[in-house]
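Residue numbers (the working numbering): 872 to 1128.
Spelled out as structure tokens, the structure:
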């Protein structure tokens, strides 16, 4: 598909900004970000979409420094970030653990039309979590007009990774009270929190919930978390039982312990 797109693009007698951006997008979809960058520099007039695409593409490939570099240059050229440009920039800040730049971007988001976006709120919580600022993560969450499973997961993970870990269980309880259905990321974080707190009863309750779902029961991340939890509880037999069950599945590419 990419070869065909490149062939069509090369044969075009005339190209407009849309066709340049489309070809760049085809490269980035295949994670060929440097090829997309080369095309960007060949463009007669990159537009807002072109700049946002480069910011997002570098962030998706975990080339966070390059993502921030394009973001800064974009600002100097008076181009405006779109929602996913902001999100990618914040993800790059999270990857670099750059709280200063992340805070600056947050201030810019607050003045934009994306300030009430559920997606943006979740990305901000994740950024503050990965830069170790739990209070700001909680403040963003509490200020959200609307939440989804991703935003709940972001706050839960924030407490599980940064502490106080017991707050992760409080967040999980609130999530359930509000009627949100936990996914594999939710349960993996809660299991890890139970392991850190040596909360045996809560951990076994979560395990019982997981066993009711074939999809969740067979998830490798959850399997890892359960093995670690029971090992920390000193329940080696249970940990071994889960380990054997995971390793017997055809999808399991590597041992979990």
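Glycine included, C-beta positions come from ideal geometry on N, C-alpha and C.
Contacts around residue 962, its chain only, beta-carbon distance under 6 Å, and the 5 residues preceding and following it disregarded: 930
Same chain, Cβ closer than 6 Å to residue 1071, five either side skipped, listed in chain order: 1104
Where residue 880 sits in the DSSP three-state scheme: helix
Which of helix, strand or coil DSSP assigns to residue 1115: helix
Where residue 933 falls: helix, strand or coil (DSSP): coil
With 16 other Cβ atoms within 10 Å as the buried cut-off, status of residue 1082: exposed
Where residue 1124 falls, given that 16 or more other Cβ within 10 Å makes a residue buried: Legend: pLDDT at residue 1124 = 38, less than 50; position of this residue unreliable, value from coordinates given subsequently. Its Cβ having fewer than 16 others within 10 Å, residue 1124 is exposed.
Proximity of residue 1029 and residue 996 at Cβ, strictly below 8 Å: yes
Secondary structure, alpha helix (DSSP H): runs of 4+ residues fully inside the region 889–963: 904–913, 919–931, 935–947
For residue 1026 and residue 1009, believed in contact at Cβ under 8 Å, the rounded distance: 7 Å
Residue from 1067, 1050, 1017 with nearest C-alpha to residue 1040: 1067
Range covered by the alpha helix (DSSP H) that runs through residue 1095: 1091–1103
Three-state secondary structure (DSSP) of residue 1013: helix
Residue 919 and residue 951 closer than 8 Å at C-beta: yes
Alpha carbon of residue 1018 to alpha carbon of residue 1052, nearest angstrom: 12 Å
Sub-8 Å separation of residue 966 and residue 991 beta-carbons: no
Straight-line gap, residue 1022 to residue 1033 (C-alpha atoms, nearest Å): 16 Å
DSSP state of residue 1036 mapped onto helix, strand, coil: coil
Length of the line joining the Cα atoms of residue 906 and residue 898: 7 Å
Alpha-carbon to alpha-carbon, residue 944 and residue 982: 20 Å
Residue span of the alpha helix (DSSP H) that contains residue 979, given as start and end: 970–981
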